[in-house]
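Notes follow once the structure below has been shown.
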Amino acid sequence: MKIQLITFSLVLATLCTACGDGNNASLTNTTVVSKEILGEQLFFDTNLSSPAGQSCASCHDPAHGFADPDTQFPTSEGANAGIFDKRHTPSSAYSLYSPEFHFDANLNEYIGGQFSDGRARNLTIQAQNPFLDPLEMANPNPASVVTKVKNAAYANMMTQIYGAEVFDNVATAYTSIADALAAFERTPLFHPFDSKFDHYLAGKISLTSQEAYGLQLFNDPSKGNCAACHSTAANNGTNPLFTNFRYANIGLPANPAIPVPPDQDSMRISDDGLGGLPDMPSSELGKFKVPTLRNIAKTAPYGHNGVIQDLREMVDFHNTRDVVAGRWALPEVSENLDPRVGNLGLTDSEVEAVVAFLITLNDGYTLPTSSP
């Protein structure tokens, strides 16, 4: 943890030294930079759960694509031993690019938001949820979180940034904590764009023949067509994010392997995703937000409930859901199945090529050194 903190501080210092006009100009503002560093302290603080021991990074590990490093179970264990969420932890990498949750009347679709069902409109609102979720950090109320931060070694950063009286009002302090966390999640640590694919786009390296073929299939509207949902188009000046931020029901089966305590039988009810939110029409039942595929090879298991064990199996599910009778269990929610999934027409070798391409989306790629 200390190494990660130091690494980010050095990165931040470098950014601040180099920043000038344009998008980076805000980094010269001491208040903004302090929010980011405070957010980093909050993100890695294991004392902010009840009982202590779980931080945001426990389930959003930078070394694992900001997803859960524990692949023993399909979903994440909370602060209380033996208590598991019913959903697989989504990666928080690149989450700042998700637009605020809204309904697009032109597309007749819901777009954006945070969490796999979009229930948090933006990052600041999202950051308030895990602290109080009984299946996650399990604090009883905002006041308990505020007290822990007030007693933390970095409490003076809260008063420096948000004012000397920030702790006098629980609601103000709690929102400020979430604001700092959201600021940290907007830093380049969460969106480095330094995968092999990014270096390929920059002309610094070539893809292997298999990776290049996988990219071709990924974009081919007549075969593969992954880009229909996981867009490869540039996004407002950034490299592709591999999501359209919309919602879809790809027909994943229920996952009986999710550990469910005897007193939590309600968790066995099918997960309606976006359609389970208040006032949502039945046309949204079973839909979950299309995830970014960046770092996808680091974030197994897959699906909203972790029912798919590895990346090849996930591609194969998309390819054969409707083709091989009995190969896959019935969908958890059978309404609103996305017809673009289930029969992609890929051969085994083509599936392998798509997987090879997806692996190029892992951040942290080191360019090979040239021979002297």
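Numbering (mature numbering (1 follows the signal peptide of the UniProt record, and there is no 0)) for the sequence shown: -20 to -1, 1 to 352.
Every residue, glycine too, gets a C-beta built ideally from N, C-alpha and C.
Subject >> Coarse secondary structure for His44, derived from DSSP in three states >> reply: In this structure, His44 counts as helix in the three-state DSSP scheme.
**OP:** Over the uninterrupted beta strand (DSSP E) stretch that includes Asp84, give me the two end residues.
**Re:** Start and end: 82 to 84.
Original post:
Which of helix, strand or coil does DSSP assign to Gln190?
Top reply: In the displayed model, Gln190 falls within a helix according to three-state DSSP.
Original post:
Do the CB positions of Ser29 and Met117 come within less than 7 Å of each other?
Top reply: Yes. Within cutoff.
Original post:
With 16 as the cutoff for other CB atoms within 10 Å, does Leu341 come out buried or exposed?
Top reply: It counts as buried.
Subject >> Burial state of Arg301, where buried means 16 or more other Cβ atoms lie within 10 Å >> reply: Taking all protein chains in view, the Cβ of Arg301 is crowded by 16 or more other Cβ atoms within 10 Å, so the residue is classified as buried.
Original post:
Hey, Phe23 and Phe164: beta-carbon distance below 7 Å or not?
Top reply: Yes, Cβ-Cβ distance for Phe23 and Phe164 is below 7 Å.
Original post:
Which same chain residues, not among the five before or five after Asp48, have their C-beta less than 6 Å away from its C-beta?
Top reply: Counting only Cβ-Cβ distances below 6 Å, and skipping sequence neighbours, we find Cys39, Ser56, Thr69.
**OP:** Report all residues from its chain with a CB closer than 7 Å to the CB of Lys184; omit the five preceding and five following residues, and keep chain order.
**Re:** Here the set comprises Leu347.
Subject >> Three-state secondary structure assigned by DSSP to Val12 >> reply: Its pLDDT being 45, under 50, Val12 is placed unreliably in this model, and the value from its coordinates should be taken loosely. Assigned with DSSP and collapsed to three states, Val12 falls in helix.
Original post:
If you count every other CB in all the chains shown that lies within 10 Å of the CB of His298, and 16 or more means buried, which is it?
Top reply: By the neighbour-count criterion, in which 16 or more other beta carbons inside 10 Å mark a residue as buried, His298 falls on the buried side.
**OP:** Please determine if the stretch 232 to 240 and the stretch 94 to 102 are in contact, where contact requires at least 3 C-beta pairs separated by less than 8 Å.
**Re:** Cβ pair count under 8 Å is below three, so no.
Subject >> Classification of Val303 by the beta-carbon crowding that lies within 10 angstroms, buried from 16 upward >> reply: It is exposed - the Cβ of Val303 has fewer than 16 other Cβ atoms within 10 Å.
Subject >> Neighbourhood of Gln108 by C-beta distance below 7 Å, restricted to the same chain and skipping five residues each side >> reply: Closer than 7 Å at the Cβ level, and outside the excluded window around Gln108, lie Tyr154, Ala158.
Original post:
By DSSP, does Ala163 sit in helix, in strand, or in coil?
Top reply: Secondary structure of Ala163 (DSSP, three-state): helix.
**OP:** Between the Cα of Val150 and those of Val125, Thr139, Asn199, spot the shortest distance and give me the residue it belongs to.
**Re:** Out of Val125, Thr139, Asn199, Val125 has the C-alpha closest to the C-alpha of Val150.
Subject >> Coil, strand or helix - Leu87 by DSSP >> reply: If DSSP states are grouped into helix, strand and coil, Leu87 belongs with coil.
**OP:** Please report the Cβ distance between residue 376 and Thr139, rounded to the nearest whole angstrom; I am assuming they are in contact, meaning their Cβ atoms lie under 8 Å.
**Re:** One cannot answer for residue 376 here, as it falls past the ends of the chain, which runs -20 to 352.
Subject >> For Gln21, the three-state DSSP class (helix, strand or coil) >> reply: Helix at Gln21.
**OP:** Identify every run of the beta strand (DSSP E) within the stretch 79 to 160, keeping only runs that are complete inside it and at least 3 residues long; order them along the chain.
**Re:** Correct list: 82 to 84, 89 to 91.
**OP:** Could you pull out every residue in the same chain whose Cβ sits closer than 7 Å to the Cβ of Lys176, ignoring the five residues on either side in sequence?
**Re:** Scanning its chain for C-beta atoms nearer than 7 Å, with the 5 sequence neighbours on each side dropped, one finds around Lys176 the residues Ile185, Thr340, Tyr345, in chain order.
Original post:
Looking only at its own chain, which residues have a Cβ that is under 7 Å from the Cβ of Ser72, when we skip the five neighbours before and after it?
Top reply: If you ignore the 5 residues before and after Ser72, its C-beta comes within less than 7 Å of the C-beta of His40, Phe46, Glu165, Phe170, all in its own chain and listed in chain order.
**OP:** Mark Leu87 as exposed unless 16 or more other C-beta atoms lie within 10 angstroms of its C-beta, in which case mark it buried.
**Re:** Looking at its Cβ environment, which holds fewer than 16 other Cβ atoms inside 10 Å, Leu87 is exposed.
**OP:** Select from Glu264, Gly306, Ala336, Val287 the residue whose C-alpha is nearest the C-alpha of Asp318.
**Re:** Taking only the C-alpha atoms, the option nearest Asp318 is Glu264.
Subject >> Alpha-carbon spacing of Ile230 relative to Val295, whole angstroms >> reply: Straight-line measurement puts the Cα of Val295 at about 12 Å from the Cα of Ile230.
Subject >> Residues that DSSP places opposite Leu317 in a beta bridge >> reply: Leu317 is bridged to Asn229.
Subject >> Among Ala305, Tyr227, Ile249, the one whose alpha carbon lies nearest that of residue 379 >> reply: Beyond the ends of the chain as shown, which are -20 and 352, falls residue 379; an answer cannot be given.
Original post:
Which residue from Glu312, Ala123, Asn27 puts its Cα closest to that of Gly266?
Top reply: Minimum Cα distance to Gly266 is reached at Glu312.
Original post:
What does DSSP give as the partner residues of Asn215 in its beta bridges?
Top reply: Per the DSSP secondary-structure output, Asn215 pairs in a beta bridge with Thr218.
Subject >> For residue 355, the first and last residue of its enclosing alpha helix (DSSP H) >> reply: Residue numbering for the chain in the displayed model covers -20 to 352; residue 355 lies beyond these limits and cannot be assessed.
Original post:
So what does DSSP say about Asp256, is it helix, strand or coil?
Top reply: Strictly speaking, residue 256 in this sequence is Gly, with Asp absent from that position. DSSP, reduced to helix, strand and coil, places Gly256 within a helical segment of the structure shown.
Subject >> Cβ-based neighbour list, Asp252, same chain, cut-off 7 Å, excluding 5 preceding and 5 following >> reply: The answer, listed in chain order, is Leu265, Gly266, Val313.
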